[in-house]
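Scroll down for the structure; my scribbles are underneath it.
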Amino acid sequence: MPIPILSPDDDITAFPPVDKALVEPNGLLMAGGSLSPQRLIAAYRSGIFPWYEEGEPILWWSPDPRCIIWPDNIIIRRSLAKTIRRGHFEVTRNIAFKEVMRRCAVLRPGSTGTWITDSMINAYSKLHLYGVAQSLEVWLDDRLVGGLYGISLGGVFVGESMFSTENDASKVALVNLAQSGDYQLIDCQLETPHLLSMGAETVTRNEYLLLLEKYGDLSSAVFSPERLQLGTGNQSLPDL
0 MPIPILSPDD
10 DITAFPPVDK
20 ALVEPNGLLM
30 AGGSLSPQRL
40 IAAYRSGIFP
50 WYEEGEPILW
60 WSPDPRCIIW
70 PDNIIIRRSL
80 AKTIRRGHFE
90 VTRNIAFKEV
100 MRRCAVLRPG
110 STGTWITDSM
120 INAYSKLHLY
130 GVAQSLEVWL
140 DDRLVGGLYG
150 ISLGGVFVGE
160 SMFSTENDAS
170 KVALVNLAQS
180 GDYQLIDCQL
190 ETPHLLSMGA
200 ETVTRNEYLL
210 LLEKYGDLSS
220 AVFSPERLQL
230 GTGNQSLPDL
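So for the sequence shown, numbering that gives the first Met the number 0 puts the first residue at 0; every next one is plus one.
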């Protein structure tokens with residue numbers, strides 16, 4: 000069955016039910032429409048996210064299964080624990096949101112394009128001004144060397160992307176996000192070996208939607224730019 004295709008400026012037409020998403024490619028639900036704040040917020044609240052490359056129409060996805068991390072289940076391996084104990088990194092929140100997105104958009108080895116387009120950066124920067132999009136930054140000697148960004152929906156953080164130019168910098172950002180106590184669930188969208196090695200697991204789309212309904216309606220804090228304590232939160236580090 001073909002997916003709906005909307006005009007590029009359409010931010011009114013509702014998304015189809017997510018159970019109408021294609022099996023192959025997994026989770027493709029709709030094409031077109033806009034990246035307006037209203038459209039993006041409606042998407043995330045429905046378990047949908049945009050993912051496309053430059054030159055393509057906006058593609059909207061709701062994959063099955065879904066990759067998640069329970070914050071208490073984050074895995075800190077010995078090498079990462081050693082990095083944290085050294086205390087070389089400084090972690091901040093919402094200090095350099097747009098720059099984190101730009102760094103995440105840099106082509107990685109073996110890739111031919113980026114899905115974090117200029118239009119995406121502009122759209123998510125608007126959500127950041129509304130307090131919906133958040134970033135964590137990792138600094139070394141006043142240089143931005145790692146970070147992540149995503150969407151904050153009450154007790155759910157929907158992770159979009161992360162980057163690292165120093166060993167373990169993106170992992171440090173993820174550990175701080177998990178141990179901040181601000182979220183009951185981290186949505187990683189698609190599974191990767193890297194995420195699975197840090198404690199991620201997969202759930203069915205229906206299970207994810209129930210979790211989103213349960214935790215996404217919790218009151219959502221708006222986080223001002225701040226420095227974070229680079230510590231271990233409620234989880235002890237493994238012995239070296």
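Cβ atoms here follow ideal geometry from the backbone N, Cα and C, with glycine treated the same way.
Limits of the unbroken beta strand (DSSP E) element including residue i
i: A30; result: 27–30
i: Q188; result: 184–188
Limits of the unbroken alpha helix (DSSP H) element including residue i
i: I150; result: Where I150 is concerned, there is no enclosing alpha helix (DSSP H), although the beta strand (DSSP E) it sits in stretches over 142–152.
i: L227; result: Counting along the chain, L227 falls outside any alpha helix (DSSP H), though it belongs to the beta strand (DSSP E) covering 225–227.
i: Y51; result: Unbroken run through Y51: none, as it is neither H nor E.
i: I11; result: Note, I11: premise wrong, no alpha helix (DSSP H); not H, not E.
i: L210; result: 204–214
i: P7; result: Careful: P7 lies outside any alpha helix (DSSP H) and carries neither H nor E.
i: L39; result: 36–44
Nearest-angstrom beta carbon gap, residue j and residue i [assumed within contact, 8 Å]
i: A168; j: G145; result: 3 Å
i: M100; j: Y123; result: 6 Å
i: C187; j: Y148; result: That belief does not hold up - the Cβ atoms of C187 and Y148 are roughly 13 Å apart, past 8 Å.
i: G31; j: S61; result: Wrong, their Cβ atoms sit about 16 Å apart, outside the cutoff.
i: P15; j: P3; result: 6 Å
i: N175; j: L135; result: 6 Å
i: Y207; j: G46; result: 6 Å
i: P70; j: A177; result: 4 Å
i: S74; j: S196; result: A quick correction: the sequence has Ile, not Ser, at residue 74. About 7 Å separates the two Cβ atoms, so the contact holds.
i: R92; j: L227; result: 6 Å
i: L21; j: M119; result: Actually they do not touch by this definition, with Cβ atoms about 22 Å apart.
i: P268; j: L126; result: Only positions 0 to 239 of the chain appear in the structure, and residue 268 is not among them; the question remains open.
i: S163; j: I115; result: Actually they are not in contact, since the Cβ atoms of S163 and I115 sit about 15 Å apart, beyond 8 Å.
i: I40; j: I185; result: That belief does not hold up - the Cβ atoms of I40 and I185 are roughly 19 Å apart, past 8 Å.
i: R44; j: G215; result: 7 Å
i: F96; j: A42; result: That belief does not hold up - the Cβ atoms of F96 and A42 are roughly 19 Å apart, past 8 Å.
In DSSP terms, what residue i is bridged to
i: A132; result: I150
i: V22; result: According to DSSP, which records beta bridges pairwise, V22 is partnered with nothing at all.
i: F156; result: S151, I185
i: V137; result: V90, G145
*Every unbroken alpha helix (DSSP H) inside the region 58–114 [4 residues or more]*: Those alpha helix (DSSP H) runs which fall completely within the region 58–114 and span 4+ residues are 77–85, 96–104.
_Contained alpha helix (DSSP H) runs [length at least 4] in the region 158–202, N- to C-terminal order_ = Within the region 158–202, the complete alpha helix (DSSP H) segments at least 4 residues long are 168–178, 192–196, listed from N- to C-terminus.
*State whether the region 46–65 contacts the region 191–206, with contact taken as three or more CB pairs (one from each stretch) at a distance under 8 Å.*
Short answer: they touch.
*asked:* Can you confirm whether the region 11–27 touches the region 151–162 when touching is taken to mean that 3 or more C-beta pairs between the two stretches lie within less than 8 Å?
replied: Fewer than three beta-carbon pairs drawn from the region 151–162 and the region 11–27 are found closer than 8 Å, and the two stretches are therefore not classed as touching.
*Can at least three beta-carbon pairs, one atom from the region 42–52 and one from the region 80–92, be found at a separation below 8 Å?*
As far as the Cβ criterion goes, the region 42–52 does not touch the region 80–92, which means the pair count is below three.
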